[in-house]
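Those protein sequence lines, which keep their order, are chains F and S. Quick note, the first sequence lines up with residues 1 to 107 if you use this note's numbering. Quick note, the second sequence lines up with residues 108 to 502 if you use this note's numbering. Glycine included, C-beta positions come from ideal geometry on N, C-alpha and C.
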Amino acid sequence: MLGTAEAMTDERPPLTEASRPVLPRYARLHYDKVRQRHVLLVPERVLVPDDTAIEILQLCDGKRTIGDIVDLLAAKYVADRDLIGGDVIVMLEDLRGRDFLVVVEGD
Amino acid sequence: MDDILRDDPMDTLRLLDSTAPITHVDFGIPAAVLAEMTHRCPLQCPYCSNPVELERSSAELTTEEWKKVMTELAELGVLQFHFSGGEPTVRKDIVELVRHARAVGLYTNLITSAVMLTEAKVKELADAGLDHAQVSFQGAESGVADRIAGFKDAHKKKLQAAKWLKDAGLPLTVNAVMHRQNLHQLPDIIEMAVSLGASRLEVANVQYYGWALKNRAALMPTVEQLDATTKLVEESRERLKGKLVIDYVIPDYYAERPKKCMGGWGRQFFNISPSGKVLPCHAAESITGLEFDSVRGNKSIAWIWQNSDAFQKYRGTGWMPEPCKSCDFREIDWGGCRCQAFALTGDAGNTDPACHLSPLHDKIFKLAQTEAATDVREFKYRNYANATPKGGEAN
């Protein structure tokens with residue numbers, strides 16, 4: 001595990017560009033050779049992320065901030081930074097709401 | 108994101124959803140497989156889903172055989188592996204097997220009674236890469252729970268083990284099998300799941316085959332109990348939104364329409380028995396006359412899944428009698444449960460009596476009501492002494 005994952009509470013602050021997201025130990029991004037796509041393995045479920053979600057999740061290492069991730073994607077796709085930033089946060093909030101993403105505390 | 112293992116909580120298993128793109132292949136290999144590592148278990152729950160003919164330890168697959176099975180499953184595209192039983196931690200090689208499952212890329216889930224876990228064992232399992240644990244509870248406190256489990260201090264041990272599992276960073280599912288003798292404790296079971304930090308609670312009413320069929324009169328809830336339970340589950344789901352997911356399974360006998368058992372026979376699920384038989388359902392061996400292929404034979408698991416007689420027999424709609432054959436729901440419920448049809452009508456090819464279109468439906472409903480009104484309390488406990496001898500083997 002990377003760093004300390006914050007405890008799940010209903011009152012946790014929303015994700016910001018300073019948050020450092022990471023998949024918890026029980027949510028694994030896995031390349032499924034048979035179906036030739038990435039899947040997210042979680043308890044009793046298999047989620048099928050789209051290509052954008054896969055790329056974002058691969059950058060969530062608990063060290064990069066969401067800001068870092070957005071910078072990388074904006075540079076790679078020569079796209080509007082604000083637009084990408086909004087989409088990234090919505091996707092990660094959705095996963096965090098289901099406890100399949102956590103945020104590393106501290107610097 | 109699509110979710111290919113979706114809520115269809117008619118059993119203690121999550122089933123696959125064939126409507127999602129990833130499984131929309133003709134009988135593509137299931138994404139999850141249930142492995143009954145052993146039939147040995149220190150508990151004696153009278154509704155156990157194991158067959159009444161229990162497999163002896165001498166018949167179990169060896170460590171190397173299970174490893175070979177896991178490797179083969181992973182290569183076929185199976186993604187999740189459920190270590191079940193009996194009690195899977197009875198096996199001395201459980202840590203080694205979890206490690207192997209992870210090494211070949213499988214997501215690992217331990218379905219356990221938890222009474223044999225120690226703090227050291229939990230740590231070993233977590234270090235070996237265990238991904239998730241599901242712990243069964245028989246009630247909300249020792250008095251009721253230990254009597255149902257037929258094991259002294261079971262409840263206390265479970266509470267302790269659940270805490271160790273959480274402390275090891277593992278997500279926890281609480282599985283509560285419910286019936287007439289413990290439904291009154293459901294409010295406290297829900298609170299217990301919350302205080303244990305579980306992310307999911309399965310409220311599974313007993314399904315009546317095998318051991319549960321032997322104990323039906325002592326287990327069947329009343330209609331009033333069931334109505335109150337449904338209301339409680341709905342209220343609790345709303346109240347605990349974002350905190351605890353509650354899956355709920357009602358007892359078939361009081362249903363109007365049959366459950367989509369196993370997601371349809373041979374469509375989305377198979378399990379492997381302790382001796383290596385590949386089964387369309389964990390109760391399938393209760394149907395006499397079906398032959399099951401084993402991983403110990405010379406056929407691949409993929410071949411068995413696609414072609415073996417047992418899987419072909421009730422796959423699809425070709426086998427169906429009326430009223431199933433011309434029913435608009437035939438590809439929704441796939442005819443319900445074959446094991447139940449066999450248990451209640453003597454022929455697995457009949458319509459599941461849980462369906463209101465079955466000629467036996469009213470009789471079954473009344474039978475449930477009559478049994479629920481009895482004051483039968485004694486259980487025929489699940490153990491080797493009460494089991495049906497296997498193939499003439501000494502008991």
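For this session: Scan the segment 49–105 of chain F and note each continuous alpha helix (DSSP H) run of 4 residues or more that stays entirely inside, going in chain order.
Result: For the segment 49–105 of chain F, whole alpha helix (DSSP H) runs of length 4 or above, ordered along the chain, are 51–59, 66–77, 81–97.
Problem set entry | In chain order, each alpha helix (DSSP H) run of at least 4 residues that lies wholly inside the segment 274–334 of chain S | You should have 293–302, 318–321, 323–326.
Problem set entry | Euclidean distance between Cα positions of S/V284 and S/F472 | The sequence position of residue 284 of chain S within the second sequence is 177, counting from 1. The sequence position of residue 472 of chain S within the second sequence is 365, counting from 1. Taking the straight line joining both Cα atoms gives about 21 angstroms.
Exercise. Of all the residues that make up the segment 44–76 of chain F, which are near chain S by a beta-carbon distance shorter than 9 angstroms?
Worked result: Only E44, R45, V46, L47, V48, P49, D50, A53 from the segment 44–76 of chain F bring a Cβ to less than 9 angstroms from some Cβ of chain S.
Problem set entry | Segment contact flag, the segment 459–466 of chain S with the segment 397–406 of chain S, C-beta cutoff 8 angstroms, min 3 pairs | Judged by Cβ distances under 8 angstroms, the segment 459–466 of chain S makes no contact with the segment 397–406 of chain S, as fewer than three pairs qualify.
Exercise. Using a Cβ-Cβ distance under 7 angstroms, would S/G370 count as near chain F?
Worked result: Taking the first residue of the second sequence as 1, we reach residue 370 of chain S at position 263. Residue contact check for S/G370 against chain F: no CB pair falls below 7 angstroms.
Problem set entry | Under the three-state DSSP convention, the category S/T477 falls into | Counting from one through the second sequence, the residue named residue 477 of chain S turns up at place 370. Helix at S/T477.
For this session: Compare the C-beta of F/R12 with all C-beta atoms of chain S and state if any pair is closer than 7 angstroms.
Result: If you number the first sequence from 1, residue 12 of chain F lands on position 12. Not closer than 7 angstroms to any Cβ of chain S, the Cβ of F/R12 fails to qualify, so no.
Problem set entry | Closest by C-alpha distance to F/L101, when choosing among F/D32, F/V42, F/V48, F/K33 | In the first sequence, the residue the question calls residue 101 of chain F occupies position 101. Among F/D32, F/V42, F/V48, F/K33, the Cα nearest to that of F/L101 is on F/V42.
Exercise. Which partner residues of S/Y214 appear in the DSSP bridge assignment?
Worked result: Within the second sequence, the letter at position 107 stands for residue 214 of chain S. In DSSP, S/Y214 forms a bridge with S/Q187.
Exercise. CA-CA distance, S/K273 and S/L351?
Worked result: Residue mapping note: residue 273 of chain S aligns to position 166 of the second sequence, counting from 1. Residue mapping note: residue 351 of chain S aligns to position 244 of the second sequence, counting from 1. In this model, S/K273 and S/L351 are separated by some 15 angstroms (Cα to Cα).
Exercise. Would S/A311 count as contacting chain F if we go by Cβ distances under 7 angstroms?
Worked result: Mapped onto the second sequence, residue 311 of chain S falls at position 204. Cβ-Cβ to chain F under 7 angstroms: no for S/A311.
Problem set entry | First through last residue of the beta strand (DSSP E) which encompasses S/A450 | Numbered from its first residue, the second sequence carries residue 450 of chain S at position 343. Per DSSP, S/A450 lies in no beta strand (DSSP E); the unbroken alpha helix (DSSP H) holding it starts and ends at 445–452.
Exercise. What does DSSP give as the partner residues of S/L386 in its beta bridges?
Worked result: As a position in the second sequence, residue 386 of chain S is number 279, starting the count at 1. Per the DSSP secondary-structure output, S/L386 pairs in a beta bridge with S/N378.
Exercise. Could you give the C-beta distance for S/I353 and S/L308, rounded to a whole number, given that I count them as a contact under 8 angstroms?
Worked result: Against the second sequence, residue 353 of chain S aligns to sequence position 246. Against the second sequence, residue 308 of chain S aligns to sequence position 201. Correct: roughly 5 angstroms between the Cβ atoms.
Exercise. Mind checking whether the beta-carbon of S/T424 lies closer than 6 angstroms to any heavy atom of the ligand ATP?
Worked result: With respect to small molecules bound, the structure shown includes none, and the ligand ATP cannot be examined in it.
Exercise. In or out: S/P195 buried (at least 16 other Cβ within 10 Å) or exposed?
Worked result: Here the question's residue 195 of chain S lines up with position 88 in the second sequence. S/P195 comes out buried.
For this session: Just confirm the distance between the C-beta atoms of S/I357 and S/N312, as a whole number of angstroms; I'd bet it's less than 8 angstroms.
Result: Sequence index remark: in the second sequence, residue 357 of chain S carries index 250 (1-based). Sequence index remark: in the second sequence, residue 312 of chain S carries index 205 (1-based). Going by Cβ atoms, the distance from S/I357 to S/N312 rounds to 6 angstroms, so yes, they are a contact pair.
Exercise. Using 7 angstroms as the limit for Cβ to Cβ distance, is S/G192 near chain F?
Worked result: The residue you call residue 192 of chain S lines up with position 85 of the second sequence. It does not: the Cβ of S/G192 has no partner Cβ on chain F nearer than 7 angstroms.
Exercise. With burial defined as no fewer than 16 other Cβ atoms inside 10 Å of the residue's Cβ, what is the status of S/D133: buried or exposed?
Worked result: Looking up residue 133 of chain S in the second sequence gives position 26. Note that S/D133 has pLDDT 47, beneath the 50 cutoff, so the model's placement of it is unreliable and the number below is only indicative. Exposed.
Exercise. Apart from the five residues on each side of it in sequence, which residues of its chain come closer than 6 angstroms, Cβ to Cβ, to S/A504?
Worked result: Outside the displayed range of chain S (108 to 502) lies residue 504 of chain S, so it cannot be described from this structure.
For this session: Give the residues of chain F in contact with S/T280, contact being defined as C-beta atoms less than 9 angstroms apart.
Result: Taking the second sequence and counting its residues from 1, one reaches residue 280 of chain S at position 173. The CB of S/T280 comes closer than 9 angstroms to the CB of P43, E44 in chain F, given here in chain order.
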